[in-house]
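Heads up: the sequence shown begins at 16 in the working numbering, then just goes up one per residue.
Below: the structure, in structure tokens.
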Amino acid sequence: MEKMVNCSYWKEYRGINGWIMFCSAGAFAKEFNQEYAEKLGCTAEQRTICNKTMKINMGYGLVPKILDDKKKKEDPADAVTAPGKPA
16 MEKMVNCSYW
26 KEYRGINGWI
36 MFCSAGAFAK
46 EFNQEYAEKL
56 GCTAEQRTIC
66 NKTMKINMGY
76 GLVPKILDDK
86 KKKEDPADAV
96 TAPGKPA
């Protein structure tokens, strides 16, 4: 059977009670930047479709968080003072 969503993170398999369909990126709380998400085809419209499909199949849905390119995550090296250097 052809996959309903053409994405490497989309998983489908036949379970005892029917088909299981989910986004593994959402299931494992992945965070993508906008550029990477669009390269995958993970647009806002596609995430809505994926979420709706999961809710119909399993009763809930999880999709990856898309980070704004302007907001930079704190670099772990910035959070801790290097040994021997003043704070």
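Using N, Cα and C, we set each Cβ at its ideal position, and we do this for glycine too.
Keep in mind that this is a model prediction, so the values were computed, not measured.
Reference residue i; option with closest CA among the options
| i | options | result |
| --- | --- | --- |
| Ile71 | Lys26, Ile35, Pro79 and Glu60 | Ile35 |
| Gly41 | Cys57, Asn21 and Asp83 | Cys57 |
| Lys80 | Thr63, Ala44, Gln61 and Tyr51 | Ala44 |
6 Å CB neighbourhood of residue i in its chain, flanking five on each side removed
| i | result |
| --- | --- |
| Glu27 | Lys18 and Met36 |
Reduced DSSP category for residue i - H, G, I as helix; E, B as strand; rest coil
| i | result |
| --- | --- |
| Gly74 | coil |
| Glu17 | coil |
| Lys80 | strand |
Cβ pair residue i, residue j closer than 8 Å
| i | j | result |
| --- | --- | --- |
| Cys38 | Met69 | yes |
| Leu82 | Glu46 | yes |
Contiguous beta strand (DSSP E) assignments of at least 3 residues, all confined to the stretch 25–72:
25–30, 33–38 and 46–48
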